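Asks: Structure provided below as structure tokens; questions to follow.
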Amino acid sequence: MPGSTLVEDLELILEDISGGGGRKNPPPDRDGGDDGNERRRRPNPQASPARRYATAIVLAMISIVMFFMGMVAAFIFLRATNHNWVALRIPGIVWFNTAVLIGSSATIELARKRLGAGGLEPFRKLWMAATALGLLFLAGQLVAWHELLVEGLHVWTTQAASFFYIFTALHGVHLTGGICALLYVGFRKFEFARVSRAAAAEVASYYWHFMDGLWVFLLLLLYLGK
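Sequential numbering of the sequence shown, starting at 988, is according to the numbering used here.
In structure tokens:
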């Protein structure tokens, strides 16, 4: 099945990223019998939970990219063809919100370094600080909405305003999922879990950094296309 092939390829990529790429594959048999290599490349039904979670996150990010790219294409098309396009003033707090979100990504990486050094309590403090910054970002986005509403700019007022509300709302919904993942890693007891805290934190960080980069891209699109 095409879907199975995609999952297999992603699992191999993730295995490569996690350090498996350093192993040398045995040379293929001249007669075409490469059974050992084929066995290595087949997905293991008992694959580690961490790798399965990472695969699920990668698939989720791919689907999110495809979804947003469709909306970005609509934005670019309407911006180019609508000669009565009314520019939108992006609220100043949005830039503060962006700095907060970037700061949360940096804090997550610092937390992971502390965890790698064996400091569980410093990790938890920094991890929860990053989570709080994510919540602060969402609160700041609501303030940006309030500023636009005070100015009389509703979702139906102009096309530019519509895209601002839609982009920020959908990004906020997906970021809320990331906050749930951060809370899970921060409060979960991993002593008897099938996945380690370090692995769960790494997978959660992939998604968080992705949402960070996606927001920066959307903000630049809104700013340059206003």
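C-beta: ideal position from N, C-alpha, C; glycine also. Treat the numbers as computed from the prediction; the structure is a model and nothing was measured.
Below 9 Å between beta carbons: does that hold for tyrosine 1194 and alanine 1047?
Replies: Going by C-beta atoms, tyrosine 1194 is nearer than 9 Å to alanine 1047.
Asks: For valine 1073, is the classification buried or exposed, using 16 other Cβ atoms within 10 angstroms of its Cβ as the cut-off for buried?
Replies: Classification for valine 1073: exposed.
Asks: For the segment 1151-1169 against the segment 1197-1210, do three or more pairs of beta-carbon atoms, one drawn from each stretch, fall closer than 8 Å, so that the two count as touching?
Replies: A contact exists between the segment 1151-1169 and the segment 1197-1210.
Asks: Is it true that the CB of leucine 1125 sits closer than 9 Å to the CB of proline 1078?
Replies: Taking 9 Å as the Cβ cut-off, proline 1078 and leucine 1125 do not qualify as a contacting pair.
Asks: Could you tell me if asparagine 1084 is buried or exposed, where buried requires 16 or more neighbouring beta carbons within 10 angstroms of its beta carbon?
Replies: So asparagine 1084 counts as buried.
Asks: Nearest to phenylalanine 1062 by CA position, among Ser1149, Val1142, Val1087, is which residue?
Replies: Residue Ser1149 is the option with its Cα nearest to phenylalanine 1062.
Asks: Ends of the alpha helix (DSSP H) at leucine 1125?
Replies: That run of the alpha helix (DSSP H) goes 1107-1137.
Asks: Cutting at 7 Å between CB atoms, please list the residues of its own chain near alanine 1128, excluding the five before and the five after it.
Replies: According to the sequence as given, residue 1128 is glutamine; it is not alanine. Within the same chain, glutamine 1128 has close Cβ partners Asn1084, Thr1155, Gly1159.
Asks: Is there a C-beta anywhere in chain C that falls below 9 Å from the one on arginine 1039?
Replies: Here chain C cannot be found, since the structure has a single protein chain.
Asks: Counting C-beta neighbours from all protein chains within 10 Å, is the total for isoleucine 1049 16 or more, i.e. buried, or is it exposed?
Replies: The residue in question, isoleucine 1049, is exposed, as its Cβ has fewer than 16 Cβ neighbours within 10 Å.
Asks: If glycine 1165 and methionine 1115 are in contact, beta carbons under 8 Å, what's the gap, nearest whole angstrom?
Replies: No, glycine 1165 and methionine 1115 are not in contact; Cβ-Cβ is about 14 Å, not under 8 Å.
Asks: Closest to arginine 1038 by CA distance: which of Leu1211, Val1130, Leu1122, Val1182 is it?
Replies: If we check each option's Cα against that of arginine 1038, Val1182 comes out closest.
Asks: Which of helix, strand or coil does DSSP assign to lysine 1160?
Replies: The amino acid at residue 1160 is misidentified as lysine; the sequence shows valine. Note: valine 1160 maps to helix in three-state DSSP.
Asks: With a threshold of 8 Å (Cβ to nearest heavy atom), would valine 1137 be considered close to the ligand PLP?
Replies: Among the components modelled here there is no ligand, and therefore nothing to report on the ligand PLP.
Asks: Mapping DSSP to helix, strand and coil, what is isoleucine 1077?
Replies: Residue state, collapsed to three classes: coil.
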